[in-house]
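Undergrad:
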Amino acid sequence: MPVLVLMVLATDSPQLFDARNLQILSNTLSLMVFTAVGAILIGVPLALLTAYVKLPWAKFWLVLLAAPLAIPSYIGAFTLYAAFGPGGEIDQLTGLATPAFDGLFGSSVVMALYTYPFVMLTVRASLLSLDASLVHAARTLGMSLFSSIWYVILPRITNGIAAGALLAAMYALSDFGTPAILRLDTFTRMIYVEYNSFGLSQAAMLSLQLLVIVGLILFLESRVIGTHERPGKSLSLWPGRLRTALMLLACLPVVILAILLPLTIFGIWLWREGVGNFELIYAWNSAYAALFASIATVLFALPVAQAAISGKFGRLMERVSFLGFGVPGIVMGTALVYVGLQFSVLYQTMALLVIAYVMRFLPLAVGAIRSTSERLDPSLVRAARLLGASRKEAFRRITFPLSIRGIVAGAALVFLEVMRELPATLILSPFDFETLATYLWRVYEAGYFGQAAIPGLLLVVISVLALAVMFYGERWNQTDVLEDTYHS
Numbered sequence: 024m025p026v027l028v029l030m031v032l033a034t035d036s037p038q039l040f041d042a043r044n045l046q047i048l049s050n051t052l053s054l055m056v057f058t059a060v061g062a063i064l065i066g067v068p069l070a071l072l073t074a075y076v077k078l079p080w081a082k083f084w085l086v087l088l089a090a091p092l093a094i095p096s097y098i099g100a101f102t103l104y105a106a107f108g109p110g111g112e113i114d115q116l117t118g119l120a121t122p123a124f125d126g127l128f129g130s131s132v133v134m135a136l137y138t139y140p141f142v143m144l145t146v147r148a149s150l151l152s153l154d155a156s157l158v159h160a161a162r163t164l165g166m167s168l169f170s171s172i173w174y175v176i177l178p179r180i181t182n183g184i185a186a187g188a189l190l191a192a193m194y195a196l197s198d199f200g201t202p203a204i205l206r207l208d209t210f211t212r213m214i215y216v217e218y219n220s221f222g223l224s225q226a227a228m229l230s231l232q233l234l235v236i237v238g239l240i241l242f243l244e245s246r247v248i249g250t251h252e253r254p255g256k257s258l259s260l261w262p263g264r265l266r267t268a269l270m271l272l273a274c275l276p277v278v279i280l281a282i283l284l285p286l287t288i289f290g291i292w293l294w295r296e297g298v299g300n301f302e303l304i305y306a307w308n309s310a311y312a313a314l315f316a317s318i319a320t321v322l323f324a325l326p327v328a329q330a331a332i333s334g335k336f337g338r339l340m341e342r343v344s345f346l347g348f349g350v351p352g353i354v355m356g357t358a359l360v361y362v363g364l365q366f367s368v369l370y371q372t373m374a375l376l377v378i379a380y381v382m383r384f385l386p387l388a389v390g391a392i393r394s395t396s397e398r399l400d401p402s403l404v405r406a407a408r409l410l411g412a413s414r415k416e417a418f419r420r421i422t423f424p425l426s427i428r429g430i431v432a433g434a435a436l437v438f439l440e441v442m443r444e445l446p447a448t449l450i451l452s453p454f455d456f457e458t459l460a461t462y463l464w465r466v467y468e469a470g471y472f473g474q475a476a477i478p479g480l481l482l483v484v485i486s487v488l489a490l491a492v493m494f495y496g497e498r499w500n501q502t503d504v505l506e507d508t509y510h511s
């Protein structure tokens, strides 16, 4: 539906492509490539470190290095933009002159800092599935540890690296806040500029051009096949204390730039300016919209997830639902504005905003519910059917209660993404309806950076809590599976 709406709107665009579009395309592709390369350069070494090196407090370091997933990239862009450059926070506090943090370089650094966990986690999963016997054989034949990693391990995890890099590239394509704050003219930023200038047809044309690139990335991602090897004992490295300390020190720049610096900047602003004009209604609006959207998304995801388990048509439905997640929020918002204009009862209403959230984040709930439902023993449902229960009753009394943890995890993930969603909320939110994300954006536009402390910190805290609920649900499911296996 969004694609058809954009095609209708784009027919009024004066031209398909011009010199300005070429510059936008160049910036977008450059940001995508630099983000993917940066995520690989950071994520692969950290995956090797957390998978193979026996670190003190290993779980703590794994959680800390994956923590940028809980921080929206536009928060990192906002704080780094305010910290660096002439007159920035570092200049004011220490007197040290630092270069401005904007443009293609600044956007690429920020995107790499907040997308490397995609590469780290996918590569780490691949590393833990590899049999270490080939490395031991290479070491026995005289190959150094570095050479054995380079020639024996890395060629076997190229698919995992490619999958994580494509996820990072997709994030860079769809992100609006980072290039907008750091003043890089990409497709997402210019779509918003055209929309604000009442150039809806040109915004639609830019959206279609962006969707072509998104479609290409989705196609490449579908062609990446996971590495299948016979499982074996994982590699374990026990370096000395000095080498371990040096490895952890090498991780500190990433932790400082991605986590500590943003939190420190918010803390300074909070200490210097206090609460300011912030009102709790913004947090309530964010929570209200996210809760409403998560409930609606789960209601739609339940039949899709159950159908995906049952047969080919259900799996096709699941695949179709993933298309919405590939549509950037700014593009979805542009298309739904036109729908709202045609149906005035929907224009600038909470219902239209929730529709956008459901269309975008439905696959997240479907995946969480399906992964839980697939673990259920089908003999339970068959036994209920043999005892006279209808399909509806068997679902209500057996399937639904046993899938509730996956439902909670899916709802928490949708809640997290809705809380962080910026472009679609900016375009589609009802009149005089501000969320934490949109309030943060208004503060940036007005130049009152100090008033961003409370919404920024609240977004980080809520994101961490939602991720904790999601991970706890996954661990709960794994515990149940182990208990069922033990008792059987």
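Numbering follows my numbering, in which position 58 of the sequence shown is assigned residue number 81; successive positions increment by one, without gaps.
All C-beta atoms, glycine included, are put in the ideal place defined by N, C-alpha and C.
Three-state secondary structure (DSSP) at valine 298?
TA: Within the sequence shown, residue 298 is the residue found at index 275, counting from 1. Reduced to three states, the DSSP call for valine 298 is coil.
Undergrad: In three-state DSSP terms, what is leucine 151?
TA: Here residue 151 refers to the residue found at position 128 when the sequence shown is read from its first residue. Helix at leucine 151.
Undergrad: Are the CB atoms of alanine 59 and alanine 188 within a distance shorter than 8 Å?
TA: To locate residue 188, count along the sequence shown from 1; it is residue 165. To locate residue 59, count along the sequence shown from 1; it is residue 36. Yes.
Undergrad: Per the DSSP calculation, valine 76 is bridged to which residue(s)?
TA: Start at 1 with the first residue of the sequence shown, and residue 76 comes out as number 53. For valine 76, which the question treats as bridged, DSSP gives the partners Leu260.
Undergrad: Return the CA-CA distance between asparagine 308 and threonine 458, expressed in angstroms with no decimal places.
TA: Reading the sequence shown from its first residue, position 285 is the one you call residue 308. Reading the sequence shown from its first residue, position 435 is the one you call residue 458. One C-alpha to the other measures close to 5 Å.
Undergrad: The alpha helix (DSSP H) spanning methionine 355 covers which residue range?
TA: Translated into the one-based positions of the sequence shown, residue 355 becomes position 332. Residues 352-365.
Undergrad: Please determine, among Leu27, Met442, Leu239, Leu78, the residue with the shortest C-alpha to C-alpha distance to leucine 265.
TA: Here the question's residue 265 lines up with position 242 in the sequence shown. For the residues Leu27, Met442, Leu239, Leu78, the minimum Cα distance to leucine 265 belongs to Leu78.
Undergrad: Locate the alpha helix (DSSP H) running through glutamine 329, then write down its first and last residues.
TA: Position 306 of the sequence shown holds residue 329. From DSSP, the alpha helix (DSSP H) with glutamine 329 extends over 303-333.
Undergrad: Here's the rule I'm using: 16 or more other beta-carbon atoms within 10 Å means buried, otherwise exposed. How should glutamine 46 be labelled?
TA: Position 23 of the sequence shown, counted from the start, is the residue given in the question as residue 46. When all chains shown are included, glutamine 46 counts as exposed.
Undergrad: Helix or strand or just coil, what does DSSP make of serine 402?
TA: Residue mapping note: residue 402 aligns to position 379 of the sequence shown, counting from 1. In this structure, serine 402 counts as helix in the three-state DSSP scheme.
Undergrad: Excluding the 5 residues flanking serine 170 on each side, which residues of the same chain have their C-beta closer than 8 Å to its C-beta?
TA: Here residue 170 corresponds to residue number 147 of the sequence shown, with the count starting at 1. Correct list, in chain order: Ala161.
Undergrad: Consult DSSP for leucine 71 and reduce its assignment to one of helix, strand or coil.
TA: Counting from one through the sequence shown, the residue named residue 71 turns up at place 48. Helix.
Undergrad: Between the Cα of phenylalanine 472 and those of Glu440, Phe301, Tyr218, Ala432, spot the shortest distance and give me the residue it belongs to.
TA: Your numbering for residue 472 matches position 449 in the sequence shown. Comparing Cα positions, the closest option is Phe301.
Undergrad: Anyone know if the C-beta pair for alanine 273 and methionine 55 falls short of 8 Å?
TA: For the purposes of this step, residue 273 is taken as the residue at position 250 of the sequence shown. For the purposes of this step, residue 55 is taken as the residue at position 32 of the sequence shown. No, Cβ-Cβ distance for alanine 273 and methionine 55 is not below 8 Å.
Undergrad: In the DSSP assignment, find the unbroken alpha helix (DSSP H) run with methionine 442 in it and report its ends.
TA: Counting from one through the sequence shown, the residue named residue 442 turns up at place 419. Here the alpha helix (DSSP H) through methionine 442 covers 427-443.
Undergrad: Using beta-carbon positions only, say whether methionine 134 and leucine 88 come within less than 8 Å of one another.
TA: On the sequence shown, residue 134 is found 111 positions in, with the first residue counted as 1. On the sequence shown, residue 88 is found 65 positions in, with the first residue counted as 1. Their beta carbons are not under 8 Å apart, which means methionine 134 does not touch leucine 88 by this criterion.
Undergrad: Under a three-way DSSP split, which group does glycine 411 fall into?
TA: Position 388 of the sequence shown holds residue 411. Coil.
Undergrad: For tyrosine 174, does the three-state DSSP call read helix, strand or coil?
TA: Here residue 174 refers to the residue found at position 151 when the sequence shown is read from its first residue. In this structure, tyrosine 174 counts as helix in the three-state DSSP scheme.
Undergrad: Could you tell me the distance, in whole angstroms, from the CA atom of leucine 514 to the CA atom of alanine 203?
TA: With the chain covering only 24 through 511, there is no way to say anything about residue 514.
Undergrad: Any idea what DSSP makes of arginine 206, helix, strand or coil?
TA: Translated into positions along the sequence shown, residue 206 becomes position 183. Coil.
Undergrad: DSSP on methionine 55, reduced to helix/strand/coil?
TA: Stepping through the sequence shown from its first residue, residue 55 is reached at position 32. Three-state result, methionine 55: helix.
Undergrad: How close, in whole Å, do the beta carbons of aspartate 208 and asparagine 50 come, if the pair is a contact with beta carbons under 8 Å?
TA: Locating residue 208 in the sequence shown gives position 185, where the first residue counts as 1. Locating residue 50 in the sequence shown gives position 27, where the first residue counts as 1. Right, their Cβ atoms sit about 6 Å apart.
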